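Asks: Numbering (the numbering used here) for the sequence shown: 25 to 137.
Even glycine gets a Cβ: it sits at the ideal position worked out from N, Cα and C.
From a predicted model like this one, the values you see are computed outputs, not experimental measurements.
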Amino acid sequence: MAFRATIRRERKRLATPRGKLKRFLLTPICRVETRGAVSRAPRPKTIGESIMALKIIASQCTVCGACEFDCPTAAIRMKGDTYIIDPKKCTECDGESPHCAEVCPVPDTCVPA
């Protein structure tokens, strides 16, 4: 229950223009690998590159909000009474396993589109 309250509180905080700026600034610019190695974070796709995206299976989604809060590109948003993933913003977390699929409490809810 405390987890859901935290998610709701964060949603309200990030709903302001100031909060959106903070969320944008928290997008990673580098990734720390094992044994202290550092590499650049995956570059977001540009126009002309193929669009990668995941989709959320609405019938399985519990609408907990964990995926929206954890998405580094802010590609997940609420539409109606379910979450959707914007394919133009989704990078599938380039090379890593997608954050939305990792944090989702229901297996196989965030799947390749």
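In whole angstroms, what separates the C-alpha of ALA90 from that of ALA99?
Replies: Rounded to the nearest angstrom, the two C-alpha atoms are 13 Å apart.
Asks: Short check: CB of CYS117 to CB of LEU78, under 7 Å?
Replies: Not a contact, by the Cβ cut-off of 7 Å.
Asks: Rounding to the nearest angstrom, what Cα-Cα distance links ARG127 and PRO96 in this structure?
Replies: The identity of residue 127 in the sequence shown is Val, whereas the question assumes Arg. Between VAL127 and PRO96, the C-alpha separation is close to 12 Å.
Asks: Which residue comes first and which comes last in the beta strand (DSSP E) that contains CYS134?
Replies: Per DSSP, CYS134 belongs to the beta strand (DSSP E) from 134 to 136.
Asks: Flag this pair as yes or no: are the beta carbons of THR133 and CYS85 separated by less than 7 Å?
Replies: Yes, Cβ-Cβ distance for THR133 and CYS85 is below 7 Å.
Asks: Going by beta carbon distance, what residues of the same chain come within less than 7 Å of CYS124, once the five residues before and after it are set aside?
Replies: LEU78, CYS91, ASP94, CYS95, ILE100, CYS134, listed in sequence order.
Asks: Measuring only the C-alpha atoms, how far is ILE112 from PRO129?
Replies: The identity of residue 112 in the sequence shown is Lys, whereas the question assumes Ile. Approximately 25 Å between the Cα atoms of the pair.
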